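Protein chains in written order, with the working numbering: chain X, 280 to 792; chain V, 280 to 792. Glycine is no exception: its CB is placed at the ideal position from the N, C-alpha and C atoms. As the structure is a computational prediction, the values presented were derived from the model and not from experiment. Before any comments, here is the structure.
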């Protein structure tokens, strides 16, 4: 069976992927190495590549190649149905993406790109100077343009839902409420419980930069990092990025007076990277096709959160790793010490540094507010008040200023609306997957109540990874996030696994003192 | 006066430059950060960019733009002759480049790009494993492809000369022999003289990596490095590269048991970078035009060698800087101590680590061998023998293996034939420029026999830089290397200034003990 049209389409996709990965390489360099003075030229380089990429992704040539491949596939499907199904799913995903790109007015695409760059610059300025009104007009502009984009895309969805699709395919607000509603009542209760039980878990020591980086290296070695295909860099905001089929990069950062920030960021980004490493993209051929990509940002976050919270922040991990911290000068005398320090349970204003119990509340607030901004008429001028009101209600803390309030995160400044829920959905997915993993490990012979912990304590994290590779990673975009969860756990995604886990952990933490 | 056609051509060049600088960014990343496993994908990225660049540089559109700009210029030249002359030189250089690119088959361009990436990877492997035969077929392939390239270019020059043009415009083997012949006889004599006089100048101590990098930082700060537009990285083979009008990068490396290697590499690469920083390219507009580029690699090397040898290895520099080495634990008690240690005068096998007296011999050997490989029928299989034979003859040392022999340098693995002579020409140019600089400094009031040293001793290296900026850097490609030397020094380039300098230094070093 020859696949002429499919092969031609594959070659086209491969060249697009090469260009896309060049764009990513420039992004990596910009965030890890580039001197500040080079920003303007780098902006032009990225702009040029974005223009070329958009042209390729919306071209008539691309359209024709997809059509021809689809016809060829219809003939082939009689012969090998399973292979054809996979290829068919690839074509389907390409068609969706092409139709999206084609519906967009290229003038709007450029306007959005410019508004993103301007928005980011103004946000940085506003945040530094704690001056929301500098940023507000740019935010207003981004909202208007993104609303226009949703209108042009003309999908049978609301504005916010349309914009959330690239992050969470098939997500609806109705479904989001089903999943988040139990959290809206239960999370504030848990935060209060944590507050009364252990308010003294603050950290009043620090580690040198050298020590923190040494601990990160040790962690990655323990977790089987292959230096041949990975590298760890430094950047102001940690991230993970794939630059080629054998090129997985991650970054971390050192935050003064936060001795676990660097370590946990490394664990988190490594989780993202492991997902990318496990995608069905291990040959050049697959790397270019949609099925070789991550299925959603929530699934991505479920993987990073798993390694950060279920592993690195577990009691078992602390028991097996605390000596390393102690050797670097951390004042911890036991696994219990490290475990309590790395799980502070003090609700704060900062999402990124939040503990597991309060983290979800940060997301609920952002999700509600961005839906309100995009489609329910919340005015940008009222955002700071609304933000502060909700923080007081749900977390009992009030930002001193907008820099630690509604200017805290980068997402909106780049016009990225619809991304925030992925973090919390990631927590839910991670919890439900962990339950399924526990069952699997019990079947493998781990007999305790906490088979994950048993595994971690004996240094067998590779068993957790193997399970994730086998059950989760390799599907790529064959299934969406919810289908994946149901396939792996046998149940529809829900919030109870996450809430059970939190209650348990809180119980253990507060009773361990 | 409107310059419509010139402006259109400028915009075209600017986009080419953006793409070229993206290519350079990938190269930087490949050599400083990229994990080894990513080499094959990176090769494809570079190949794709090379293809796109070649298409742009040989397109009919480009051809038309040049023609139109030329016509426009002929009308304009009546009005402002000086400006028109500069623009005319730009057009002339573009025409030369276009005609070269047009002659090349695009298939060959891609083949060469791929062979370079493969060659580099295989060379690294062969060097590590000391196994020349792993690399030999790749070298053979590179030679064949480059021979084919010279054939397609069809210039009134020999194969090697044709390939050397991009590095040394207008260079001929005849002229090269005129310049190098006096060195062929005199350098081995000087090496012998050095050998008998001071065989005890070996270094039997080392510095930690941390100390070495600290000394490099101190050096760059002393020499006025602006962190806003520069960055210092690490790579197996030190290099300097410009990635944008405000983005100057350089790398260094730490070599065990060679405590000055890292320091001198930094001084060397910083000299390259200073030249690039001083080119008439400080606005985006100029960055894209030929006149904003370095005129030849020999001139480039003259600048790096100047800062490495005439400054960092001078007695005056040692006198002013030795305390920093001492503070980092180096067993040097005085400027004289440091100066003698940093000028060991022990002929060795390694070009990069060679002292100034034997350095030229390394280049003579490589130049002869690559001319023989490219156009006189030397077979790649015979290269190790020929290499070793010449080292024995000219330097009296024999490599223990090919890793420290013919696998030592990266150049041939990337198909860069014709580059090596630039190093030695750079020594000649640096020496002749230094004489002119001395005269200028005397006129400024420095009265000693060694006005450069006087300047360095008082910490006024910026005066040397200012002279270079004013006399050398800003010409760009307005003149070629030989024209530049004649313009600045009033004499045709020759080897005597270099030989005089060497004899003098040797005298001082051997009498100082």
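The ligand COA heavy atom lying under 8 Å from the CB of residue i
i             : result
residue 531/X : Annotation note on the ligand COA: not contained in the displayed structure, which lists no ligands.
Cβ neighbours of residue i in the same chain (closer than 7 Å, five flanking residues each side left out)
i             : result
residue 756/V : 372, 569, 570, 572 and 574
residue 581/V : 705, 708, 709 and 712
residue 589/V : 709, 713 and 731
residue 311/X : 512, 513, 514 and 530
residue 325/X : 302 and 305
residue 342/X : 377
Contacts of residue i in chain X (Cβ-Cβ under 7 Å)
i             : result
residue 321/V : 523
residue 506/V : 314
residue 485/V : Per Cβ cutoff of 7 Å: no residues; residue 485/V is ~21 Å from chain X at best.
Start-to-end residues for the beta strand (DSSP E) that takes in residue i
i             : result
residue 685/X : Looking at the DSSP string, residue 685/X is not in any beta strand (DSSP E), and its letter there is neither H nor E.
Interface partners of residue i on chain V, CB under 9 Å
i             : result
residue 605/X : Result: empty, since nearest Cβ-Cβ is about 24 Å, beyond 9 Å.
residue 512/X : 312
residue 327/X : 294, 297, 298 and 301
residue 795/X : No information on residue 795/X is available, as it lies outside the stretch 280 to 792 that chain X covers here.
Residues bridged to residue i (per DSSP)
i             : result
residue 519/X : 529/X
residue 512/X : 530/X
Own chain partners of residue i with C-beta closer than 6 Å, once the 5 adjacent residues on each side are dropped
i             : result
residue 685/X : 662, 663 and 666
residue 349/X : 370
residue 521/X : 527 and 555
residue 614/X : 597, 598 and 601
residue 482/X : 620
residue 476/V : 789
residue 488/X : 533
residue 680/X : 409
Same chain, Cβ closer than 8 Å to residue i, five either side skipped, listed in chain order
i             : result
residue 431/X : 382, 383, 384 and 387
residue 336/X : 295, 376, 377 and 380
Where the alpha helix (DSSP H) containing residue i begins and where it ends
i             : result
residue 423/V : 411-432
residue 466/X : 452-476
residue 481/X : Where residue 481/X is concerned, there is no enclosing alpha helix (DSSP H), given that its DSSP letter is neither H nor E.
residue 322/X : 318-336
residue 616/V : 614-621
residue 403/X : 385-408
residue 754/V : No alpha helix (DSSP H) holds residue 754/V; DSSP gives it neither H nor E.
residue 644/X : 635-654
residue 777/V : 775-790
residue 557/V : 540-557
residue 505/V : Run containing residue 505/V: none; DSSP gives neither H nor E here.
residue 716/V : 700-722
residue 299/V : 283-311
residue 794/X : Missing from the structure shown is residue 794/X; chain X here goes from 280 to 792 and no further.
residue 677/X : Element bounds for residue 677/X: n/a, residue is neither H nor E.
residue 760/X : 760-768
residue 732/X : 730-736
residue 583/V : 576-584
residue 660/V : No alpha helix (DSSP H) contains residue 660/V, which DSSP labels as neither H nor E.
residue 443/V : 438-443
Neighbour list for residue i in chain V, Cβ cutoff strictly below 7 Å
i             : result
residue 324/X : 297, 300 and 301
residue 308/X : 304 and 308
residue 393/X : Those do not exist, as residue 393/X stays about 17 Å from chain V at its closest Cβ, beyond 7 Å.
Partner residues on chain V for residue i, Cβ-Cβ distance less than 8 Å
i             : result
residue 442/X : Here the premise fails: no neighbours, minimum Cβ distance about 30 Å.
residue 807/X : Outside the displayed span of chain X (280 to 792) sits residue 807/X, for which this structure offers no information.
9 Å Cβ cut-off: residues of chain X touching residue i
i             : result
residue 469/V : Here the premise fails: no neighbours, minimum Cβ distance about 41 Å.
residue 545/V : Result: empty, since nearest Cβ-Cβ is about 16 Å, beyond 9 Å.
Chain-ordered neighbours of residue i on chain X, where CB pairs are closer than 8 Å
i             : result
residue 396/V : The premise fails here: residue 396/V is roughly 13 Å from chain X at the closest Cβ pair, so nothing lies under 8 Å.
residue 526/V : 313, 314, 316, 317, 320 and 321
Minimum length 4: unbroken alpha helix (DSSP H) runs contained in the stretch 345-383 of chain X: Qualifying alpha helix (DSSP H) stretches, in chain order: 360-382.
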